[in-house]
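What follows is a set of notes on a single structure, which appears directly below.
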Amino acid sequence: MAELKLAHEDKIKASHPRSLSLNFNRLLCGGFPHLRSLSQVGNWLVGFLEEGALVCPEIGQIFSVNKGIPDMLLHGDEYHHKKKKKKKKKKKEEEGEVGKKGPAEVELPAGLRQELMPKHVAVSPDGHRRWARKRGLPMDEGYRALGRGMADLIRLCCKWGVPVLTFFAYSTENMSRSKEDVDSFMNWCEMWIKSVAMEKWMRNNVRLSVIGDKSMLPNSLQQVISEAEEALKANTRLHFIIGLSYGGRYDILQACKSVASKVKDGLIQLEDIDQSIFEQELETKCTKFPNPDLHIRTSGELRLSNFMLWQVHFTEFYFANKCFPDFEEADFIEALNSYQKRDRRFGGR
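UniProt numbering numbers the first residue of the sequence shown as 1 and each following residue consecutively.
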């Protein structure tokens, strides 16, 4: 029968007065690693032993106490390594990097209320091309600034508990630009998803969906998108949606064709078609919250430009005068503050 002593016994007694009446000198092990009187040992260890760990220096083992059942987990070196990893994880959560379960609690900027946070924020990131031209920079620099801005808003939505973020990155109308312009953007987008964004999205528990007419995209970009969507599909912290070759009119038209095809094939009856059935054919069926609560458009333009025409029927709009690369955290806070001050009636009064 092995003897088990509690490490740093005096220190624990001093910091946990309730332990004074307990006999810490010896705990007998019978049939190692199971302790005698498991439920009794567990009951008085849980709640006052820091991190629920019972240390046996003589044999270098760690026992965790979980609901009264001690189990041998790790050797001493591994235990301290695990403590460091926990601290590192906590720091990441504070910075907006989260694990599968997300942060324990959300800390919002002053003035924002959690119960009024939008479920879906949509962004038309206008002005990155003008931003680059104004500074005499090549267009690739405008695209890189677009990527940095998207990464910042992804981080803030993760940090503040916004579950869906949509970017209107490239419209069906944008596809009519010169071949050089379209190819330049598509090449950058492919590189950005594959080489820059994927690792961050996986680490931050971000799911990706791309909406739009993917047949208009280069084959290599279609492949990268398919692989990224598959790799990230189980992530739950934030659903990040990118509109590429997307337009509201295109979305409604393709949904109409899909519904008509199902009626023709006898899958649904004409008289059964309602808004709910129609919405299941829209591109935004991929997300739990398909209709944006807040739409932000940058660069001072006061129009929708064919974005989510069906979905924005009760969306609140916020127009920022800055080009998107200059849209910072303080501007996002201002947009959210504006949104939270509005009386959303949804046509009911």
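The beta-carbon is built from N, C-alpha and C at its ideal position, and this holds for glycine as well. What you are looking at is a predicted structure, and each value in this text was computed from that prediction instead of being measured.
Expected contact under 8 Å - CB spacing of G212 and L244 to nearest Å: Yes, G212 and L244 are in contact; Cβ-Cβ is about 5 Å, under 8 Å.
Alpha-carbon spacing of D343 relative to T284, whole angstroms: 25 Å
Where the alpha helix (DSSP H) containing R207 begins and where it ends: Premise fails: R207 lies in the beta strand (DSSP E), V206 to I211, not in any alpha helix (DSSP H).
Host beta strand (DSSP E) of A169 (start-end): V164 to S171
E190 vs S220 beta-carbon contact at 8 Å: yes
Three-state class that DSSP yields for V196 in the structure shown: helix
Cβ separation of residue 366 and L309, assumed to be a contact under 8 Å, to the nearest whole Å: Limits of the chain in this structure are 1 at one end and 349 at the other, which puts residue 366 out of reach.
Entirely enclosed beta strand (DSSP E) segments - the segment 221-291, minimum 3 residues: Runs of the beta strand (DSSP E) lying entirely within the segment 221-291 and spanning at least 3 residues, in chain order: 238-246.
Distance between Y143 and C158 (C-alpha atoms, nearest Å): 23 Å
CB contact flag (E281, V259, <8 Å): Taking 8 Å as the Cβ cut-off, E281 and V259 qualify as a contacting pair.
Rounded C-alpha distance that separates S178 from F319: 28 Å
Cut-off 6 Å between Cβ atoms - residues of its own chain near P218, not counting five sequence neighbours on either side: M186
Reference residue 386; option with closest CA among E227, T298 and Y250: Residue coverage of the chain in this structure runs from 1 to 349, which leaves residue 386 outside it and unanswerable.
Within 8 Å, strictly: CB atoms of V149 and F327: One point to set straight first is that residue 149 is Gly, not Val, in the sequence displayed. Against a cut-off of 8 Å, the Cβ pair of F327 and G149 comes out as a contact.
Identity of the residue in V106, A110, L112 and P118 nearest F314 by Cα: P118
Within 8 Å, strictly: CB atoms of I241 and I193: no
Under 8 Å between C-beta atoms of K126 and T298: In the sequence under discussion, the amino acid at residue 126 is Asp, which differs from the Lys named in the question. Yes.
Span of the alpha helix (DSSP H) around H120: Not the alpha helix (DSSP H): H120 falls in the beta strand (DSSP E), residues H120 to S124.
Bounding residues of the beta strand (DSSP E) (the contiguous stretch that carries residue 435): In the structure displayed, the chain extends from 1 to 349; residue 435 sits before or after that span and is not available.
Neighbour-count burial assignment, R129, 16 or more Cβ in a 10 Å radius: buried
Helix, strand or coil at E115 [DSSP, three-state]: helix
CB contact flag (F332, L156, <8 Å): yes
Reduced DSSP secondary structure (H/G/I, E/B, other) of F317: strand
Cβ distance (whole Å) where I154 is taken to contact L238 below 8 Å: With a Cβ gap of about 7 Å, I154 and L238 count as contacting.
Per-residue burial, P138 [other beta carbons within 10 Å of its own, 16 or more giving buried]: exposed
CB-CB length for T166 against G247, believed under 8 Å: About 14 Å separates the two Cβ atoms, so there is no contact after all.
Other residues of its chain near P290: CB distance less than 8 Å, five sequence neighbours each side excluded: H120, E279, L282, T284 and Q311
Contact set for L116: own chain, Cβ-Cβ below 7 Å, skip 5 residues either direction: Q340
Contacts around residue 350, its chain only, beta-carbon distance under 6 Å, and the 5 residues preceding and following it disregarded: Given that the chain is displayed from residue 1 to residue 349, the structure contains no residue 350 and the question cannot be resolved.
Cutoff 7 Å; reference N321; Cβ partners in own chain excluding five residues on either side: G300
C-alpha gap between K257 and V164, whole angstroms: 27 Å
Alpha-carbon to alpha-carbon, G348 and A255: 28 Å
Span separating the alpha-carbon of R203 from that of D272: 43 Å
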